[in-house]
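Engineer: Before I ask anything, let me first share the structure, which is written out below as structure tokens.
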Amino acid sequence: MADDVDKTNAAETTQQQQIVLIGEADSTNPNIRKYKNLTYDITDPKYQGLSKNALKRILKEEHWNATRDERNKRQKEKHKKKHAERRKLIEEGVIPAPPPKRPKVVNPSNVQVAIDCSFSSYMNEKEVKSLQAQLVRCYSANRHCERPMHLTITSFDDLLKGMFDTKEPTYSNWKDITFTNDTYLDKFDKSKLVYLSADSDNTIEKLDEDKVYIIGGIVDKNRYKNLCQNKAQEQGIETARLPIGEYLQMASRKVLTVNHVYEIMLKWLENEDWNQAFKAVIPGRKLKDSKWLDGAKEGNETQQEEGSVSKDTKDDESIEGNGKQQEGSISEDTKEEDETQQEERSVSKDRKDNEPIEDVEA
1 MADDVDKTNA AETTQQQQIV LIGEADSTNP NIRKYKNLTY DITDPKYQGL SKNALKRILK
61 EEHWNATRDE RNKRQKEKHK KKHAERRKLI EEGVIPAPPP KRPKVVNPSN VQVAIDCSFS
121 SYMNEKEVKS LQAQLVRCYS ANRHCERPMH LTITSFDDLL KGMFDTKEPT YSNWKDITFT
181 NDTYLDKFDK SKLVYLSADS DNTIEKLDED KVYIIGGIVD KNRYKNLCQN KAQEQGIETA
241 RLPIGEYLQM ASRKVLTVNH VYEIMLKWLE NEDWNQAFKA VIPGRKLKDS KWLDGAKEGN
301 ETQQEEGSVS KDTKDDESIE GNGKQQEGSI SEDTKEEDET QQEERSVSKD RKDNEPIEDV
361 EA
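Our numbering numbers the first residue of the sequence shown as 1 and each following residue consecutively.
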């Protein structure tokens with residue numbers, strides 16, 4: 001009996017040692033503590049067994065989410081005030097009025113693309129976050145191109161949905177994109193499906209408006225070889241690859257990210273030139289120790305080739321550094337905004353929304 005009591009006391013002592021305390025304790029209840037204007041209960045299982053830094057990250061994330069509406073309201077008021085001040089200066093002739101914007105000519109294509117997001121079990125949480133960021137970039141590229149395609153996100157599971165609900169709460173209102181929990185087999189005619197895979201023996205010469213092209217939505221750093229190819233073959237679906245090898249000799253496997261594959265297809269629709277599409281989209285880091293092949297598509301050789309590589313390198317560096325630049329920028333308007341920016345840096349560091357995109361099987 002005494003041994004059981006000792007074991008119980010020892011277990012309680014060990015549990016107490018595992019609880020990290022930060023913030024000020026409530027005067028009426030010692031289990032309730034206050035940190036960054038956020039009240040939390042130290043007996044909550046999700047706060048136990050964490051290091052001090054891990055607990056701070058969770059609390060900061062919760063504080064960030066809890067103050068989102070207030071933060072957005074302040075930003076809207078700030079933009080509204082600046083817009084009114086600028087309009088007044090234009091009316092008084094202090095600054096010139098901006099030239100009228102020319103409406104962008106958009107000619108939607110009938111090409112359909114489905115991104116297969118059924119690979120969550122193959123990825124860790126960080127990789128799923130990276131995939132979520134890639135899907136956002138696909139949508140952004142589609143909205144700002146000359147010939148948008150209709151995009152369907154299939155096998156949209158609860159994990160991805162939760163990330164979109166948190167980071168992109170208005171995604172259900174996005175245009176030219178469909179989110180569905182159904183598979184592509186449930187959504188489309190099987191005879192029209194073409195699964196894009198770097199391991200396919202078939203090469204795409206042009207995009208067919210009667211086909212539905214599937215991009216594998218996975219971030220795996222090339223851990224799973226032939227994953228998309230094998231899946232398509234088991235389902236009896238046609239496979240094909242983009243003609244990268246006909247234009248570019250790459251030192252590594254011809255595997256790109258989800259959004260890069262999608263952007264290449266958008267660029268091809270603009271001028272039906274794979275050579276220009278690859279040069280415009282493939283980032284500089286993928287071109288290291290690689291070379292463009294002679295005779296593939298001539299006419300834009302040395303000068304344009306070097307300029308494109310330089311531009312792609314800068315674009316790639318700007319993507320990876322964008323988060324740090326935004327996180328490190330400090331507003332000069334008010335002290336309150338300084339504190340907000342500091343919190344944004346801390347939370348964004350953990351969230352890594354702008355982390356470098358990793359290679360996927362596509």
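Just so it is clear, CB atoms sit at the ideal spot from N, CA and C, and this is done for glycine as well.
#1: Which residues does DSSP pair with E272 in a beta bridge?
#2: For H260, collect the residues of the same chain with a Cβ closer than 6 angstroms to its Cβ; drop the 5 residues on either side in sequence, then sort them by chain order.
#3: Within a Cβ cutoff of 7 angstroms, which residues of the same chain sit near D41, ignoring the five residues on either side of it in sequence?
#4: Flag this pair as touching only if the region 147-155 and the region 106-123 have three or more C-beta atom pairs under 8 angstroms; answer yes or no.
#5: Thinking C-alpha only, which one of L193, Q132, D26 and S200 is nearest F164?
#6: Quick check: what's the CA-CA separation for S191 versus E168?
#7: Let me make sure I understand the geometry here. Which of N173, Q134 and L59 has the alpha-carbon closest to that of E263?
#8: Just the C-alpha distance for F278 and E92, rounded to the nearest angstrom, thanks.
#9: For F156, collect the residues of the same chain with a Cβ closer than 7 angstroms to its Cβ; drop the 5 residues on either side in sequence, then sort them by chain order.
#10: What would DSSP say about G93, mapped onto helix, strand or coil?
#11: Whole-angstrom Cβ separation of Q235 and S200, contact assumed at under 8 angstroms?
#12: Which whole-angstrom value describes the C-beta separation of L38 and H63, a residue pair presumed to lie in contact below a C-beta threshold of 8 angstroms?
#13: Who are the near neighbours of I215 in its chain, counting only those whose CB is closer than 6 angstroms to its CB and skipping five residues on each side?
#14: From this set, I58, Y35, N53 and W274, which residue's C-alpha is nearest K46's C-alpha?
#15: So who's on the other strand from W292, going by DSSP bridges?
#16: Pull up the CB-CB distance for N202 and R241, whole angstroms please, since I reckon it's below 8 angstroms.
#17: Would you identify the three-state DSSP class for T166, choosing helix, strand or coil?
#18: State the DSSP-derived secondary structure class of Q132, mapped to helix, strand or coil.
#19: Quick check: the Cα distance between N124 and N53, rounded to an integer number of angstroms?
#20: Hey, would you say T154 sits closer than 9 angstroms to Y184, going by beta carbons?
#21: Between the alpha carbons of L159 and K211, how many angstroms are there, rounded?
#22: CA-CA distance, K129 and S140?
#23: Please return the same chain residues whose Cβ sits closer than 6 angstroms to the Cβ of V194, not counting the five positions on each side in sequence.
#24: Distance, Cα to Cα, F188 vs N271?
#25: Run the CB neighbour count on S198, radius 10 Å, all protein chains shown included, and call it buried at 16 or more, exposed below.
#26: Considering only C-alpha positions, which residue in the set T43, D220 and K81 is nearest to F119?
#27: Under the three-state reduction of DSSP, which class applies to S158: helix, strand or coil?
#28: Classify S27: buried if its beta carbon has 16 or more other beta carbons within 10 angstroms, exposed otherwise.
#29: As a quick exercise: from D273, M265 and P283, pick the residue whose alpha carbon is nearest that of C138.
#30: Which class does V106 belong to by DSSP, given the choice of helix, strand or coil?
#31: Less than 9 angstroms separating the beta-carbons of L55 and I22?
#32: Mind checking who L193 pairs with in its DSSP beta bridge?
#33: From which residue to which residue does the beta strand (DSSP E) around R33 run?
#34: Identify whether Q235 lies in helix, strand or coil by the three-state DSSP scheme.
#35: Could you name the residues of the same chain whose beta carbon sits closer than 6 angstroms to that of Q233, not counting the 5 residues immediately before and after it, in chain order?
#36: From the DSSP output, in three-state form, read off D116 for me.
Structural biologist: The relevant details are as follows:
#1: Here the question's residue 272 lines up with position 272 in the sequence shown. Within the DSSP secondary-structure output, E272 pairs in no beta bridge.
#2: Taking the sequence shown and counting its residues from 1, the one referred to as residue 260 is at position 260. These residues qualify, in order along the chain: V281.
#3: As a working note, residue 41 is residue 41 in the sequence shown. Excluding positions up to five away in sequence, the list reads N31 and I32.
#4: yes
#5: Here residue 164 corresponds to residue number 164 of the sequence shown, with the count starting at 1. Checking every option, the nearest Cα to that of F164 belongs to Q132.
#6: The residue given as residue 191 occupies position 191 in the sequence shown. The residue given as residue 168 occupies position 168 in the sequence shown. So the two alpha carbons sit approximately 34 angstroms from each other.
#7: Numbered from 1 along the sequence shown, position 263 holds the residue referred to as residue 263. Closest option to E263, Cα to Cα, is Q134.
#8: Reading the sequence shown from its first residue, position 278 is the one you call residue 278. Reading the sequence shown from its first residue, position 92 is the one you call residue 92. C-alpha separation (whole angstroms): 48 angstroms.
#9: Taking the first residue of the sequence shown as 1, we reach residue 156 at position 156. So the list reads C117, F179, T180 and N181, once near-sequence residues are dropped.
#10: Working through the sequence shown from its first residue, we reach residue 93 at position 93. Note: G93 maps to coil in three-state DSSP.
#11: For the purposes of this step, residue 235 is identified with residue 235 of the sequence shown, where counting begins at 1. For the purposes of this step, residue 200 is identified with residue 200 of the sequence shown, where counting begins at 1. Actually they are not in contact, since the Cβ atoms of Q235 and S200 sit about 14 angstroms apart, beyond 8 angstroms.
#12: If you number the sequence shown from 1, residue 38 lands on position 38. If you number the sequence shown from 1, residue 63 lands on position 63. Indeed they touch by this definition, with Cβ atoms about 5 angstroms apart.
#13: The residue labelled residue 215 in the question sits at position 215 within the sequence shown. Excluding positions up to five away in sequence, the list reads I115, L196, V258, V261 and A362.
#14: The count along the sequence shown starts at 1 and reaches residue 46 at position 46. Answer by Cα proximity: I58.
#15: Position 292 of the sequence shown, counted from the first residue, corresponds to residue 292. Per DSSP, L248.
#16: As a position in the sequence shown, residue 202 is number 202, starting the count at 1. As a position in the sequence shown, residue 241 is number 241, starting the count at 1. Under the criterion of beta carbons closer than 8 angstroms, N202 and R241 qualify as touching, at roughly 7 angstroms.
#17: Indexing the sequence shown from 1 puts residue 166 at position 166. Three-state DSSP puts T166 in a helix.
#18: Taking the first residue of the sequence shown as 1, we reach residue 132 at position 132. In the structure shown, Q132 sits in a helix (DSSP, three-state: H, G or I).
#19: Numbered from its first residue, the sequence shown carries residue 124 at position 124. Numbered from its first residue, the sequence shown carries residue 53 at position 53. Their backbone Cα atoms lie some 21 angstroms apart in a straight line.
#20: For the purposes of this step, residue 154 is identified with residue 154 of the sequence shown, where counting begins at 1. For the purposes of this step, residue 184 is identified with residue 184 of the sequence shown, where counting begins at 1. Against a cut-off of 9 angstroms, the Cβ pair of Y184 and T154 comes out as a contact.
#21: Numbered from 1 along the sequence shown, position 159 holds the residue referred to as residue 159. Numbered from 1 along the sequence shown, position 211 holds the residue referred to as residue 211. Each residue's alpha carbon lies about 29 angstroms from the other.
#22: In the sequence shown, residue 129 corresponds to position 129, counting from 1. In the sequence shown, residue 140 corresponds to position 140, counting from 1. Straight-line Cα distance between these residues: approximately 17 angstroms.
#23: One-based indexing of the sequence shown puts residue 194 at position 194. If you ignore the 5 residues before and after V194, its C-beta comes within less than 6 angstroms of the C-beta of K211, Y213, E238 and A240, all in its own chain and listed in chain order.
#24: Numbered from its first residue, the sequence shown carries residue 188 at position 188. Numbered from its first residue, the sequence shown carries residue 271 at position 271. One C-alpha to the other measures close to 27 angstroms.
#25: As a position in the sequence shown, residue 198 is number 198, starting the count at 1. It should be pointed out that residue 198 corresponds to Ala in this sequence rather than to Ser. Classified as buried, A198 has 16 or more neighbouring CB atoms from the shown chains inside 10 Å of its CB.
#26: The residue you call residue 119 lines up with position 119 of the sequence shown. Closest by alpha carbon: D220.
#27: Within the sequence shown, residue 158 is the residue found at index 158, counting from 1. Residue identity differs from the one stated: residue 158 is Asp in this sequence, not Ser. Helix at D158.
#28: Taking the first residue of the sequence shown as 1, we reach residue 27 at position 27. S27 comes out exposed.
#29: As a working mapping, residue 138 is identified with position 138 in the sequence shown. Closest option to C138, Cα to Cα, is M265.
#30: Sequence index remark: in the sequence shown, residue 106 carries index 106 (1-based). Three-state result, V106: coil.
#31: Working through the sequence shown from its first residue, we reach residue 55 at position 55. Working through the sequence shown from its first residue, we reach residue 22 at position 22. Here L55 is near I22, since their CB atoms are less than 9 angstroms apart.
#32: Working through the sequence shown from its first residue, we reach residue 193 at position 193. In DSSP, L193 forms a bridge with V212.
#33: Within the sequence shown, residue 33 is the residue found at index 33, counting from 1. Looking at the DSSP string, the run of the beta strand (DSSP E) that includes R33 is I32 to Y35.
#34: Within the sequence shown, numbered from 1, the residue matching residue 235 stands at position 235. If DSSP states are grouped into helix, strand and coil, Q235 belongs with coil.
#35: Residue mapping note: residue 233 aligns to position 233 of the sequence shown, counting from 1. So no residue of the chain qualifies.
#36: As a first step, residue 116 must be located in the sequence shown, where it is residue number 116. Three-state result, D116: strand.
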